[in-house]
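J.:
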Amino acid sequence: MEFLASMGGNASWLLGYVVPFLFVLTIVVFFHELGHFWVARRAGVKVVAFSVGFGPEIVGFNDRHGTRWRLSAIPLGGYVKFLGDENAASTPDHGALDEMNEADRRESFFHKPLGARAAIVAAGPIANFILAIVIFAGLFMTVGRQVTTPQVDAVQAGSAAERAGFQPNDVILSIDGQPIDSFGDMQRVVSVNAERKLNVEIERGGQRVTVEATPDLREVTDSFGNVHRIGVLGISRNTSGGQVRTERFGPVEAVGMATREVWFIVDRTFSYLGGVVTGRESADQLGGPIRIAQVSGQVATFGIGALLQLAAVLSVSIGLLNLFPVPLLDGGHLLFYAIEALRGRPLSARAQEVGFRIGLALVLMLMLFATWNDILSISKS
137 MEFLASMGGN
147 ASWLLGYVVP
157 FLFVLTIVVF
167 FHELGHFWVA
177 RRAGVKVVAF
187 SVGFGPEIVG
197 FNDRHGTRWR
207 LSAIPLGGYV
217 KFLGDENAAS
227 TPDHGALDEM
237 NEADRRESFF
247 HKPLGARAAI
257 VAAGPIANFI
267 LAIVIFAGLF
277 MTVGRQVTTP
287 QVDAVQAGSA
297 AERAGFQPND
307 VILSIDGQPI
317 DSFGDMQRVV
327 SVNAERKLNV
337 EIERGGQRVT
347 VEATPDLREV
357 TDSFGNVHRI
367 GVLGISRNTS
377 GGQVRTERFG
387 PVEAVGMATR
397 EVWFIVDRTF
407 SYLGGVVTGR
417 ESADQLGGPI
427 RIAQVSGQVA
437 TFGIGALLQL
447 AAVLSVSIGL
457 LNLFPVPLLD
467 GGHLLFYAIE
477 ALRGRPLSAR
487 AQEVGFRIGL
497 ALVLMLMLFA
507 TWNDILSISK
517 S
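Residue numbers for the sequence shown follow our numbering, beginning at 137 and rising by one.
#1: Can you name the start and end residues of the beta strand (DSSP E) that F186 belongs to?
#2: What does the Cβ neighbour count give for T227, buried or exposed, with the cut at 16 atoms within 10 Å?
#3: Using a threshold of 8 Å, state whether the C-beta atoms of S453 and T405 are closer than that.
#4: Should E193 and R178 be called a contact, given that it needs their Cβ atoms to be closer than 8 Å?
#5: State buried or exposed for F157, treating a residue as buried only when at least 16 other CB atoms are found within 10 Å of its CB.
#6: Once the 5 residues before and after F472 are set aside, which same chain residues still bring their CB inside 8 Å of it?
#7: Taking all protein chains shown into account, do 16 or more other C-beta atoms lie within 10 angstroms of the C-beta of A176, making it buried, or fewer, making it exposed?
#8: To which residues of the same chain is G441 closer than 7 Å at the C-beta, ignoring the five residues directly before and after it?
#9: I'd like the list of long-range same chain contacts for H469, defined as Cβ closer than 6 Å, with 5 residues on each side in sequence excluded.
#10: Going by alpha carbons, who is nearest to Q116 out of A252, G260, F319, E298?
#11: Jot down the residue ranges of each uninterrupted alpha helix (DSSP H) in the segment 275-357, minimum 4 residues, whole runs only, in chain order.
#12: Excluding the 5 residues preceding and the 5 following G370 in the sequence, name in chain order all residues of the same chain whose CB lies nearer than 6 Å to its CB.
#13: Return the bridge partner residues of D234 from the DSSP annotation.
#14: Within 10 Å of its beta-carbon, does D518 have 16 or more other beta-carbons around it, so buried, or fewer, so exposed?
#15: Please work out which residues of its chain come closer than 8 Å, Cβ to Cβ, to R242, disregarding the five sequence neighbours upstream and downstream, and give them in chain order.
#16: Kindly identify the DSSP beta-bridge partner or partners of A364.
#17: Using the three-state DSSP reduction, which class does L212 fall into: helix, strand or coil?
#18: With three or more beta-carbon pairs closer than 8 Å as the criterion, would you say the segment 389-403 touches the segment 253-269?
#19: Considering only C-alpha positions, which residue in the set G213, L457, N198 is nearest to G191?
#20: Name the DSSP bridge partner or partners of S372?
#21: What does a CB cutoff of less than 6 Å around V325 pick up in its chain, not counting 5 residues either side in sequence?
#22: How big is the Cα-Cα spacing for T284 and V160?
#23: Alpha carbon to alpha carbon, how far is D317 from R168? Give it in angstroms, no decimals.
#24: Select from F166, T203, G196 the residue whose C-alpha is nearest the C-alpha of K182.
#25: Once you ignore the five residues that flank G144 on each side, which residues in its own chain have a CB closer than 7 Å to its CB?
#26: Comparing alpha-carbon positions, which option in L465, L502, V347 lies nearest A300?
#27: Excluding five sequence neighbours on each side, which residues of the same chain lie with their C-beta closer than 7 Å to the C-beta of I163?
#28: With a CB to CB cut of under 8 Å and the five nearest residues on each side skipped, what residues in its chain are close to I499?
#29: Determine the burial state of M322: buried for a count of at least 16 other Cβ atoms within 10 Å of its Cβ, exposed for fewer.
#30: Taking the alpha carbon of A477 as the point to measure from, which residue in Y215, F166, R253, E397 has its own alpha carbon closest?
#31: Out of curiosity, what's the CA-to-CA distance linking G341 and E397?
#32: Cα-Cα, which of R365, I366, V307, D352 is closest to E337?
#33: Measure the alpha-carbon distance for A273 versus A259 and round it to whole angstroms.
#34: If you draw a straight line from the alpha carbon of T382 to that of A390, how long is it in whole angstroms?
#35: Mapping the DSSP letters down to three states, classify L465 as helix, strand or coil.
#36: Report the residue from L443, H364, L250, G189 whose alpha carbon sits nearest the alpha carbon of R479.
Rendered as structure tokens:
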């Protein structure tokens, strides 16, 4: 219960966990909603409200276009409310839509062409991906990344590396055709491929050699006490004596690397979810607001750069989650629009209402499950 014990002092708890959590989540939520807002304004849709958080308004103001910008009491999300919306989930208010005059219809979200509505909905997740790329690219240009040559200095006895035939002084060139530029690159690829056979190309004595290695699945505890199940080869690298260098990159290269970083997170997320479905991965790694707050506080101890990196990772995760075809999420709206495109007309109001109720139930169950995982994780710490 170390985490709960560390929250004993209100001031330290506030500064250590709540402030970093709100910093990270507010950035991600704001840019997600800004994506919806920006495209909606350009499509001629009237935006009634732009809220960071849910519930009662803490502070707010009206802009010259009549949009109410507000900061709300429950900082676990946000929303943009358009003319014609019944609630923050952007479900249609059919009564209000039927009574609209012609001027209001021109500014109503639900009276816009299908393509415009789809673009507005998709803009939120897309903004999350763009934000992540911008953050990663900025970090690559300013902070840079630490690089250690992917050379094997020691092979652990009885490890996957020993079984595969790795030897000291081997230099890893690629894994399954993916170039490896640093020891960190190798670790990241290996960590997400536990118990999967990998073709590893190495340089040994001036010659290229290919070996087959299957990383072992291990539980590893990080410096904060968090337990992770990852793939491990069992090789180590000596980082003393100036073996680690920092590289910074130009804008074009940084954007390319940032885009690959975003794709890696997306690919890893789908791999993990697929593993949960097939039983290869445990669902207890799914976390909710408590886990995010805990991780935010831990990461904040490494500085603003690490906290921004967490914001980028969270931005990708939220953008991806919102694209899942679940009614109530952006992906659910896009699913309805795809059906509308195929049918030539929207789903009935009743069908949409049932869909939104099912979506709400699924989202609430996911939140409860993630929160339960958070509580179990804290109780074990």
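Don't be surprised by glycine CBs; every beta carbon is placed ideally from N, CA and C.
T.: Short version:
#1: Annotation: the continuous beta strand (DSSP E) that includes F186 extends over 183-198.
#2: Per the 10 Å Cβ criterion, buried.
#3: Going by beta carbons, S453 and T405 fall inside the 8 Å limit.
#4: No.
#5: Its Cβ being crowded by 16 or more others within 10 Å, F157 is buried.
#6: Counting only Cβ-Cβ distances below 8 Å, and skipping sequence neighbours, we find P463, P482, L483, Q488, G491.
#7: Buried.
#8: Here G441 has L275, V279 as same chain residues with Cβ atoms under 7 Å from its own Cβ, once five neighbours each way along the sequence are excluded.
#9: These residues qualify, in order along the chain: V257.
#10: A question about residue 116 goes unanswered here, because the residues of the chain that appear run from 137 up to 517.
#11: Runs of the alpha helix (DSSP H) inside the segment 275-357: 296-300, 319-327.
#12: The answer, listed in chain order, is Q292, S295, A296, A297.
#13: According to DSSP, which records beta bridges pairwise, D234 is partnered with nothing at all.
#14: Here the chain comprises residues numbered 137 to 517, so residue 518 is not present and cannot be evaluated.
#15: So the list reads G180, once near-sequence residues are dropped.
#16: Here residue 364 turns out to be His, not Ala, going by the sequence shown. Beta-bridge pairing links H364 to V356.
#17: DSSP places L212 within a strand segment (E or B) once states are collapsed to three.
#18: Contact between the segment 389-403 and the segment 253-269 is present, because at least three Cβ pairs lie under 8 Å.
#19: Out of G213, L457, N198, G213 has the C-alpha closest to the C-alpha of G191.
#20: S372 pairs with A290.
#21: Around V325, the same chain offers I311 as residues with beta carbons nearer than 6 Å, after the five sequence neighbours per side are excluded.
#22: Taking the straight line joining both Cα atoms gives about 29 Å.
#23: The sequence given here has His at residue 168, not Arg. Roughly 33 Å between the two C-alpha positions.
#24: The alpha carbon of K182 has as its nearest neighbour, out of F166, T203, G196, the alpha carbon of T203.
#25: Residue confidence is low: G144 scores 47 on pLDDT, short of 50, so the model does not pin down where it sits. Its coordinate-derived value is still stated next. Nothing listed; no residue qualifies.
#26: Taking each of L465, L502, V347 in turn and checking the Cα distance to A300, the smallest one comes out for V347.
#27: Non-local C-beta neighbours of I163 in its own chain, meaning closer than 7 Å and more than five positions away in sequence, comprise A447, ordered along the chain.
#28: Looking at the sequence itself, residue 499 is Val, so the reference to Ile does not match. Within its own chain, the residues whose Cβ lies closer than 8 Å to the Cβ of V499, once the five positions on either side in sequence are excluded, are V462, L464, L465, listed in chain order.
#29: With 16 or more other Cβ atoms within 10 Å, it is buried.
#30: Nearest option by C-alpha distance: R253.
#31: G341 and E397 have their C-alpha atoms some 32 Å from each other.
#32: In terms of CA proximity to E337, V307 leads the group R365, I366, V307, D352.
#33: Whole-angstrom Cα-Cα distance: 21 Å.
#34: Near 14 Å, if we compare the C-alpha coordinates of A390 and T382.
#35: Reduced to three states, the DSSP call for L465 is coil.
#36: Comparing Cα positions, the closest option is L250.
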